[in-house]
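S.K.: Please read through the structure below; I'll follow up with questions.
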Amino acid sequence: MVRRDRLVGVSLAFALLLFAFRGVAVVASPQFGPITLVATPTSVDLGQPVLFTVANVPAINGSLVLNFGDGTAMPISGATTLSHVYPNAGFLTAYITVLGSIVAETSVRVVQPLPQVPIGSAYAASVTVSPVIAGGETTVILNYGLAMGQTGVGLPFPRLEAVIDLLDARGKLLRRSDAVPVFVSTFAGAASRVLQVPYDVPLDASGRYALTISLLTLNGGRVLRSQPIPLRVLPGPDPHAALKSSVRGSGALDIGPATPSRESLNAAITTELQFPTSALGITGTTDPVSGRSDATFYLRSGKPGKVRAPDAQGGDTTSASPGWLIGDGRTMVALPQLLGSGEVVRGLFGAYRTGRMRVDLASGSSALAFDGLQGQRSNIFGISYGDAQTKAAARVIDVRDDPSTGFFSVEQRAVTTLASLEHHLSRDLDVSADVGVSTVDGLAVGAPAGSDTGDDLLLNFAHARTAISATYTNAGPLFGAVGGAGAAGDQTATALNAQFGLGAHGTLLAGATQTSTRSVFSRVANADLGYVLSLPSSLTIALTGSRASNRSLGASTDADTGSLAISRSWNGASLGLSESLTAMRDLLGGSLNAVIRTTSVQWSEVRGARQFAIGVNAMNNAPLPASGSVPRFGIPMLTGLSNTGATITYGLPLGPPSTFELQSFYAASNSSSAFGHAIDRDFALTLSRHVGPHFALGLRYEYLSHTTGIPITSSASPALRVHLEVTQ
């Protein structure tokens, strides 16, 4: 009897241990036997049912709940079998809870099956109006049938698109319409179907034409095409040009005495003079940091569409429709990654687009992000072709140092031929590659010359909460020798980054990179590992660690960093705390050995129309102890830190919305070292009146002060300025 009691006790203890780790599919409870949850099958196509079998259920009515892992749940009592259909693909975990605790779980993989592309036939096609006045509208009516492919039970049929081609009297394609989505029901089988698609006749058309209508898949595959439909177009009245503009902006601008300010106004504007089949326009942005404007003049063909203002970084707003494009300014053409990290070429440019093919030409200056530091003249010719699955491109780039803008220059010229390919191998895996050959001519005495090659490869995998990317780059010392600050010449680099979902709320992050520059014998390697826990209570905890290693002829250092960040939000308020420790070790001379410690506490609250925020941050840089050990995280965290700072912001509307508003800001920082200390203070008060939904105009008073210790010096800069605030 005693032996039996011991066995029961051991069994209960083992069951409690399993319940604590909750990683298995069967968990025991001290009051009842193990509950089991089995899914059949464990891998299904989207739309197929999954059977969940529950066994060994105790008689605790209303306390057991089966959660399917997709946000739905069902109470259970007694052994049972339930059927469930998941609405989305993914890797999901179903689990049973007893009084709020998980006692059993299982996993199910739901995949999206690939439907077969249908094959169709066009029985008859006609137009409702012919002749039609130029610029008018008619409707194309198509009678057709589809041989349906296998799409899976409960899955919608793959979406199709209808396009209409305008042909001249000889059958030459003149213009293709925009694609119109076509939704097909699978219940009609291969029966005859009717489709009506409206068609806008071009304003410049006149005479006899023909129309054909085609059904395409989303990746461009043709399902069917009708026979030509005769169409007669009568000339319409002469159209008038229309002037349209679009303005976009955000940030603030202060006008007044020359004192340090925080101007952050991003302004962007596009103005077009639109004709029936072309548009003449100017578009540009301003940069609040450099104060430089970036304007582009262009002339493009095609039916003008809606005018969109570019964002602060500049966007391609001039090539939305097929046709040609010429202009001067920001060319919308960037140097490839291997030749300079995507620096935009500014100058003359042209482009022609038809179907899935595009040809680009550009001639201008590149790598001008830092005025006076370096400058190149670039000539680019490129041709690209692509659809939703595959994109291919070939480019010839002629880059030459520009002594008139370069701070220093060896006067080289590089002609690079580059081929690139992007392909979706599957729903979860993408691959892209670049291969290039560069020929370098030394135009100055002592400048190197010769030929070299460069290549890179990128793999991306993403499925459910798992994401993995891997990159490889290798370029010889002469490859893209004048390609810009980000050129990959004389380098080999590898990188691997991964993200894994752990449980319902955890995420594991890992990464490693290494870059080697051959000519100067430099190698930089970084590795990091982190874990983020996001709980339903709006509590987030992030713990990360990293190692940075730098090896070169002049330095050899290692830096180990650990950081902890905790944040919580509730009822319009949020609180964040973070601290990090970095131990830097100089493996050669020891002069760079140090411990860098940073701490930050931030709190903000929004109550109705009132806003309040406060933040405290601190940093300390101290010599590394002789033992080489790193101090532990501080409690309290702000103890012993030499550089501290605090900011306070407050906003209060004075009246109904869109009237007066009062904003205040205060910041103070205190820094100290062996050579002395300094205190900086910044106070600002802004009173503004909203004169519209996107504009506020008022006055801003700002007071800056700077005080040092030994010798004691003090300076102050008060200013009252006109304040303009713009929101998008």
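Numbering (this note's numbering), first residue to last: 252 to 979. Note that CB positions come from ideal geometry on N, CA and C, so glycine has one too. In this text, all values refer to a predicted model and were calculated from it rather than measured experimentally.
(1) Taking 8 angstroms as the cut-off, does the stretch 518 to 533 touch the stretch 445 to 463 (at least 3 CB pairs, one atom from each stretch)?
(2) Measuring CA to CA, which of Gly-422, Thr-521, Ser-923, His-491 is closest to Ile-480?
(3) By the three-class DSSP mapping on this structure, what secondary structure does Thr-528 have?
(4) DSSP three-state call for Tyr-723: helix, strand or coil?
(5) Quick check: the stretch 493 to 500 against the stretch 464 to 479, are at least 3 beta-carbon pairs closer than 8 angstroms?
(6) So, are the CB atoms of Thr-521 and Val-558 less than 7 angstroms apart?
(7) Can you give me the Cβ contacts of Ala-613 inside the same chain, cut-off strictly under 6 angstroms, excluding the 5 residues immediately before and after it?
(8) In the DSSP assignment, what are the bridge partners of His-674?
(9) May I have the straight-line CA-CA distance separating Asn-339 from Pro-300, to the nearest angstrom?
(10) Quick check: what's the CA-CA separation for Leu-417 versus Val-484?
(11) When you compare only the Cα positions, how much space is there between Gly-403 and Asp-296?
(12) What does Lys-495 pair with, by DSSP beta-bridge criteria?
(13) Is DSSP giving Arg-848 helix, strand or coil here?
(14) Within 10 angstroms of the Cβ of Phe-621, are there 16 or more other Cβ atoms? Answer buried if so, exposed if not.
(15) In whole angstroms, give me the CA-to-CA distance for Thr-849 and Met-870.
(16) In whole angstroms, what separates the C-alpha of Arg-459 from that of Ser-443?
(17) Can you tell me whether DSSP reads Gly-960 as helix, strand or coil?
(18) Using only the alpha-carbon positions, how far apart do Ile-353 and Ala-816 sit?
(19) Please report how far the alpha carbon of Thr-331 lies from the alpha carbon of Thr-291, in whole angstroms.
(20) I need the straight-line Cα distance from Ala-306 to Ile-719, nearest angstrom please.
(21) Classify Leu-397: buried if its beta carbon has 16 or more other beta carbons within 10 angstroms, exposed otherwise.
(22) Helix, strand or coil for Val-354 per DSSP?
(23) Using only the alpha-carbon positions, how far apart do Gln-588 and Leu-760 sit?
(24) Where does Leu-905 land, buried or exposed, given buried means 16+ other C-beta within 10 angstroms?
(25) Where does the unbroken beta strand (DSSP E) through His-714 begin, and where does it stop?
(26) In whole angstroms, what separates the C-alpha of Leu-590 from that of Gly-740?
(27) May I ask you to report which of helix, strand or coil DSSP gives His-756?
(28) With DSSP run on the structure shown, which of helix, strand or coil describes Pro-561?
(29) If you drop the 5 nearest sequence neighbours on each side, which residues of the same chain put their C-beta closer than 6 angstroms to that of Ser-294?
(30) For Val-857, does the three-state DSSP call read helix, strand or coil?
(31) Between the beta-carbon of Pro-665 and the beta-carbon of Gly-727, is there less than 7 angstroms?
(32) Using the Cα positions of Ala-919 and Gly-754, report the straight-line distance between them to the nearest angstrom.
(33) How would you label Ser-671, buried or exposed, when you count the other beta carbons within 10 angstroms and need 16 or more for buried?
(34) Please name the residue, chosen from Leu-302, Ala-355, Thr-304, that lies closest to Pro-285 on a Cα-to-Cα basis.
(35) Drop a sphere of 10 angstroms on the beta-carbon of Leu-975, count the other beta-carbons inside from all chains shown, and report buried for 16 or more, exposed for fewer.
(36) Among Ile-847, Asp-451, Val-431, Val-498, which has the Cα closest to the Cα of Leu-466?
M.R.: The answer reads as follows:
(1) yes
(2) As a working mapping, residue 480 is identified with position 229 in the sequence shown. Per the Cα distances, Gly-422.
(3) Start at 1 with the first residue of the sequence shown, and residue 528 comes out as number 277. Three-state result, Thr-528: coil.
(4) Stepping through the sequence shown from its first residue, residue 723 is reached at position 472. Correct three-state label for Tyr-723: strand.
(5) no
(6) Taking the sequence shown and counting its residues from 1, the one referred to as residue 521 is at position 270. Taking the sequence shown and counting its residues from 1, the one referred to as residue 558 is at position 307. Yes, they are a contact pair.
(7) Residue mapping note: residue 613 aligns to position 362 of the sequence shown, counting from 1. Excluding sequence neighbours, Ala-613 sits near Thr-582, Val-584, Val-596, Phe-600, Ile-631.
(8) On the sequence shown, position 423 is the one that residue 674 refers to. Answer is Thr-641, Val-682.
(9) Counted from its first residue, the sequence shown places residue 339 at position 88. Counted from its first residue, the sequence shown places residue 300 at position 49. Near 12 angstroms, if we compare the C-alpha coordinates of Pro-300 and Asn-339.
(10) Stepping through the sequence shown from its first residue, residue 417 is reached at position 166. Stepping through the sequence shown from its first residue, residue 484 is reached at position 233. Spanning the two alpha carbons is a distance of roughly 12 angstroms.
(11) Here residue 403 refers to the residue found at position 152 of the sequence shown. Here residue 296 refers to the residue found at position 45 of the sequence shown. At Gly-403 the pLDDT is 41, less than 50, meaning the model places this residue with poor confidence; the figure from the coordinates comes in the next sentence. Cα to Cα, Gly-403 sits roughly 8 angstroms from Asp-296.
(12) As a position in the sequence shown, residue 495 is number 244, starting the count at 1. Answer is Glu-523.
(13) Your numbering for residue 848 matches position 597 in the sequence shown. It is a strand residue.
(14) To locate residue 621, count along the sequence shown from 1; it is residue 370. The predicted position of Phe-621 is uncertain, since its pLDDT is 45 and thus under 50; a value taken from the coordinates is nonetheless stated next. The residue is exposed, with fewer than 16 neighbouring Cβ atoms inside 10 Å.
(15) Here the question's residue 849 lines up with position 598 in the sequence shown. Here the question's residue 870 lines up with position 619 in the sequence shown. One C-alpha to the other measures close to 4 angstroms.
(16) Counting from one through the sequence shown, the residue named residue 459 turns up at place 208. Counting from one through the sequence shown, the residue named residue 443 turns up at place 192. Straight across, the Cα-Cα distance linking Arg-459 with Ser-443 is about 30 angstroms.
(17) Looking up residue 960 in the sequence shown gives position 709. The answer is coil: DSSP assigns Gly-960 none of H, G, I, E or B.
(18) Locating residue 353 in the sequence shown gives position 102, where the first residue counts as 1. Locating residue 816 in the sequence shown gives position 565, where the first residue counts as 1. Going by the C-alpha atoms only, they are around 28 angstroms apart.
(19) As a first step, residue 331 is located in the sequence shown; it is residue number 80 there, counting from the start. As a first step, residue 291 is located in the sequence shown; it is residue number 40 there, counting from the start. Between Thr-331 and Thr-291, the C-alpha separation is close to 14 angstroms.
(20) For this step, residue 306 is matched to residue 55 along the sequence shown. For this step, residue 719 is matched to residue 468 along the sequence shown. Approximately 38 angstroms, taken between the alpha carbons.
(21) Sequence index remark: in the sequence shown, residue 397 carries index 146 (1-based). When all chains shown are included, Leu-397 counts as buried.
(22) One-based indexing of the sequence shown puts residue 354 at position 103. For Val-354, the secondary structure class from DSSP, reduced to helix, strand or coil, is strand.
(23) To locate residue 588, count along the sequence shown from 1; it is residue 337. To locate residue 760, count along the sequence shown from 1; it is residue 509. For Gln-588 and Leu-760, the distance between alpha carbons rounds to 26 angstroms.
(24) Within the sequence shown, numbered from 1, the residue matching residue 905 stands at position 654. Classification for Leu-905: exposed.
(25) Residue numbering aside, residue 714 sits at position 463 when the sequence shown is read from its first letter. Unbroken beta strand (DSSP E) run through His-714: 701 to 714.
(26) Here residue 590 corresponds to residue number 339 of the sequence shown, with the count starting at 1. Here residue 740 corresponds to residue number 489 of the sequence shown, with the count starting at 1. So the two alpha carbons sit approximately 8 angstroms from each other.
(27) Within the sequence shown, numbered from 1, the residue matching residue 756 stands at position 505. The answer is coil: DSSP assigns His-756 none of H, G, I, E or B.
(28) For this step, residue 561 is matched to residue 310 along the sequence shown. Residue state, collapsed to three classes: coil.
(29) Here residue 294 corresponds to residue number 43 of the sequence shown, with the count starting at 1. Cβ within range, chain order: Arg-360.
(30) Looking up residue 857 in the sequence shown gives position 606. In this structure, Val-857 counts as strand in the three-state DSSP scheme.
(31) As a first step, residue 665 is located in the sequence shown; it is residue number 414 there, counting from the start. As a first step, residue 727 is located in the sequence shown; it is residue number 476 there, counting from the start. Note on residue identity: the sequence assigns Ala, not Pro, to residue 665. For the pair Ala-665 and Gly-727, the CB atoms are not nearer than the 7 angstroms cut-off.
(32) Within the sequence shown, numbered from 1, the residue matching residue 919 stands at position 668. Within the sequence shown, numbered from 1, the residue matching residue 754 stands at position 503. When rounded, the distance between both Cα atoms is 43 angstroms.
(33) Within the sequence shown, numbered from 1, the residue matching residue 671 stands at position 420. Ser-671 should be labelled buried.
(34) Locating residue 285 in the sequence shown gives position 34, counting from the first residue. The residue with the shortest Cα to Cα distance from Pro-285 is Ala-355.
(35) Reading the sequence shown from its first residue, position 724 is the one you call residue 975. Flag for Leu-975 reads buried.
(36) Reading the sequence shown from its first residue, position 215 is the one you call residue 466. When each option's Cα is compared against that of Leu-466, the closest is Val-431.
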